[in-house]
Amino acid sequence: MAATGTAPGTGTVPFYAEADVQAVLTLDAVTDAVESALVAKARGTARKIAKTMTTWTPASSAHALGAIDLDTGLVAFKTWVNTPGGAAATITVHDAGDGALIAAVSVGALGALRTAAISAVATRWLAHPDADELAIIGAGRQALAQVQAVHTAPGRAPKVSEKLVPAFTGTAEGGP
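So for the sequence shown, the working numbering puts the first residue at 6; every next one is plus one.
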């Protein structure tokens, strides 16, 4: 993946913007990465860093969480701020050996892929082989990614509601 610039204030650390993430990462690749991370967590070589947050008025919040994967030698932190004036989220990736900042990544597209990928992993391992129907309730803007995750899981092709077909096939205005 080619960075579009450097992380602000670092001079040399690559920054991967939304367009970089969308151009390179696929749902299949992210699903495989999420599955590998879950396996590492089960083995005890990866663990999460608990979420923390704070709030302030008017209706604003700041959040941080992370994880370390000793198999890959990486530590990652997701941080985000929500305010009435807007929101932004970034992932920073560090070397677990020396703490060096390796990259910064804009989170929008990556977050949607990661959320969908966990559904794809669950489908791979937990869904009955004959299951061919899916209900998505209350998923908001991530509903389409959830349907795609289950639809693209090996051996899966659930029926898609006629209301979702234009969005699912990319024929709707503002489709995927």
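Beta carbons: idealized from backbone N, C-alpha and C, even for Gly.
Every value quoted in this text rests on a predicted model; they were computed, and no experiment measured them.
Here the alpha carbons of V44 and V80 stand approximately 16 Å from one another.
The beta-carbon separation of S124 and V155, rounded to 6 Å, stays under the 8 Å limit for a contact. In the structure shown, A125 adopts helical secondary structure according to DSSP, grouped into three states. A check of alpha carbon separations from T60 across A72, R119 and N87 identifies N87 as the nearest. For T17, there is no enclosing beta strand (DSSP E), as DSSP gives it neither H nor E.
Note that the region 132-145 does not touch the region 47-56; fewer than 3 beta-carbon pairs, one per stretch, sit closer than 8 Å. Under a 10 Å Cβ-count criterion, V110 is classified as buried, with 16 or more other Cβ atoms of the shown protein chains found around its own Cβ. Counting every other CB atom within 10 Å of its CB across the protein chains shown gives T128 a total of 16 or more, marking it as buried. Between T57 and A42, the C-beta gap is not smaller than 8 Å, which leaves the two residues out of contact. Collapsing the DSSP output to three states places L79 in a strand. Sixteen is the threshold: since fewer than 16 other Cβ atoms of the shown chains lie within 10 Å of the Cβ of D135, the residue is exposed. Annotation for A117: Q147 and A150 place their beta carbon closer than 7 Å to its own, counting only its chain and skipping 5 residues before and after.
In terms of Cβ geometry, A122 and T36 form a close pair [threshold 8 Å]. Here L32 is buried. Its C-beta has 16 or more other C-beta atoms within 10 Å. According to the DSSP assignment, T36 belongs to the alpha helix (DSSP H) that extends over L32 to R48.
Assignment of beta-bridge partners to V98 by DSSP yields A81 and A108. The residue from V126, I73 and R119 with its alpha-carbon nearest to that of Q27 is R119.
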